[in-house]
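A.B. asks:
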Amino acid sequence: MPIATKENKLDISSEKKLEEVAKQVKSNLKNGDILYLYGEIGVGKTTFVKYLIHEFQKVNNEKLTEVTSPTFNIMNEYNVGEITIKHYDLFRIKSYQEIEDLNLFDNRKKSIFLIEWPQIIKKNSDSIIKLSFEYDNNYQNRYIKIID
Numbered sequence: 199m200p201i202a203t204k205e206n207k208l209d210i211s212s213e214k215k216l217e218e219v220a221k222q223v224k225s226n227l228k229n230g231d232i233l234y235l236y237g238e239i240g241v242g243k244t245t246f247v248k249y250l251i252h253e254f255q256k257v258n259n260e261k262l263t264e265v266t267s268p269t270f271n272i273m274n275e276y277n278v279g280e281i282t283i284k285h286y287d288l289f290r291i292k293s294y295q296e297i298e299d300l301n302l303f304d305n306r307k308k309s310i311f312l313i314e315w316p317q318i319i320k321k322n323s324d325s326i327i328k329l330s331f332e333y334d335n336n337y338q339n340r341y342i343k344i345i346d
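Take the sequence shown: its letters are residues 199 to 346, numbered as in this note's numbering.
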């Protein structure tokens, strides 16, 4: 299964399909990479993160851990093998100064960053991958695509 490109989108309407996409994305991630995850509440961003972290754990023969939304504590951290995965939910962040206070990108070379609600971040680099999670017009199906 190919990873979504700017020209197309992948169906993630079932958890199985979402898990397959997470597996493909995992195979292309390395330390220092940042994933911006855009999309409405309930569209599948946190579930995608769960499957992505589980893929890293499987490769490292580690027990699959519970992966929850960091909505209230802002960040959950997962140490998997030699990699630290930092999962942020910035929904409640109201200013860029709060982002600065979080030291969001500390230890970047040894971490992968998964950031839900990244709209407030003013950082761009080649290592940022922006994924959009979307519903169709009837809210019956969900899709994922790479955005600029």
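Every residue, glycine too, gets a C-beta built ideally from N, C-alpha and C.
According to DSSP, which residues form a beta bridge with R290?
C.D. replies: Within the sequence shown, numbered from 1, the residue matching residue 290 stands at position 92. Per DSSP, none; premise fails for R290.
A.B. asks: Could you check the C-alpha separation between R340 and T269 for me, to the nearest Å?
C.D. replies: Numbered from 1 along the sequence shown, position 142 holds the residue referred to as residue 340. Numbered from 1 along the sequence shown, position 71 holds the residue referred to as residue 269. C-alpha separation (whole angstroms): 22 angstroms.
A.B. asks: Does the stretch 214 to 221 come close enough to the stretch 291 to 304 to have 3 or more Cβ pairs within less than 8 angstroms?
C.D. replies: The answer is no - the stretch 291 to 304 does not touch the stretch 214 to 221, with fewer than three Cβ pairs under 8 angstroms.
A.B. asks: Check each candidate in I318, I283 and N259 and name the one with the smallest Cα separation from L227.
C.D. replies: Here residue 227 is taken as the residue at index 29 of the sequence shown, counted from 1. For the residues I318, I283 and N259, the minimum Cα distance to L227 belongs to I283.
A.B. asks: Quick check: L233 and I327, are their CB atoms within less than 9 angstroms of each other?
C.D. replies: Walking along the sequence shown from the start, residue 233 turns up at place 35. Walking along the sequence shown from the start, residue 327 turns up at place 129. For L233 and I327, yes; Cβs fall inside 9 angstroms.
A.B. asks: Indicate whether V192 and E298 have their beta-carbon atoms separated by less than 9 angstroms.
C.D. replies: Shown here, the chain extends from 199 to 346; a query on residue 192 therefore has no answer.
A.B. asks: Could you check the C-alpha separation between I344 and S211 for me, to the nearest Å?
C.D. replies: Counted from its first residue, the sequence shown places residue 344 at position 146. Counted from its first residue, the sequence shown places residue 211 at position 13. The alpha-carbon atoms of I344 and S211 are separated by roughly 17 angstroms.
A.B. asks: My understanding is that R306 touches G230, with C-beta atoms under 8 angstroms, so please give their C-beta distance in whole angstroms.
C.D. replies: Stepping through the sequence shown from its first residue, residue 306 is reached at position 108. Stepping through the sequence shown from its first residue, residue 230 is reached at position 32. Indeed they touch by this definition, with Cβ atoms about 5 angstroms apart.
A.B. asks: Who are R306's beta bridge partners in DSSP?
C.D. replies: By one-based count along the sequence shown, residue 306 stands at place 108. Per DSSP, none; premise fails for R306.
A.B. asks: From V278 to T245, what distance separates their C-alpha atoms?
C.D. replies: Here residue 278 refers to the residue found at position 80 when the sequence shown is read from its first residue. Here residue 245 refers to the residue found at position 47 when the sequence shown is read from its first residue. Computed Cα separation, rounded: 18 angstroms.
A.B. asks: Does the separation of the CB atoms of F331 and K243 fall below 9 angstroms?
C.D. replies: Here residue 331 refers to the residue found at position 133 of the sequence shown. Here residue 243 refers to the residue found at position 45 of the sequence shown. Yes, these two residues count as a Cβ contact at 9 angstroms.
A.B. asks: Can you check which of these residues, D346, H285 and D287, is closest to D143 by C-alpha distance?
C.D. replies: This structure cannot speak to residue 143, because the chain is shown only from 199 to 346.
A.B. asks: Which whole runs of the alpha helix (DSSP H) in the stretch 213 to 250 are 4 residues long or more, in chain order?
C.D. replies: Here the runs fully enclosed are 213 to 224.
A.B. asks: For I318, does the three-state DSSP call read helix, strand or coil?
C.D. replies: If you number the sequence shown from 1, residue 318 lands on position 120. In this structure, I318 counts as helix in the three-state DSSP scheme.
A.B. asks: Provide the residue span of the beta strand (DSSP E) that contains Y337, from first to last.
C.D. replies: Here residue 337 corresponds to residue number 139 of the sequence shown, with the count starting at 1. From DSSP, Y337 is part of no beta strand (DSSP E); its letter is neither H nor E.
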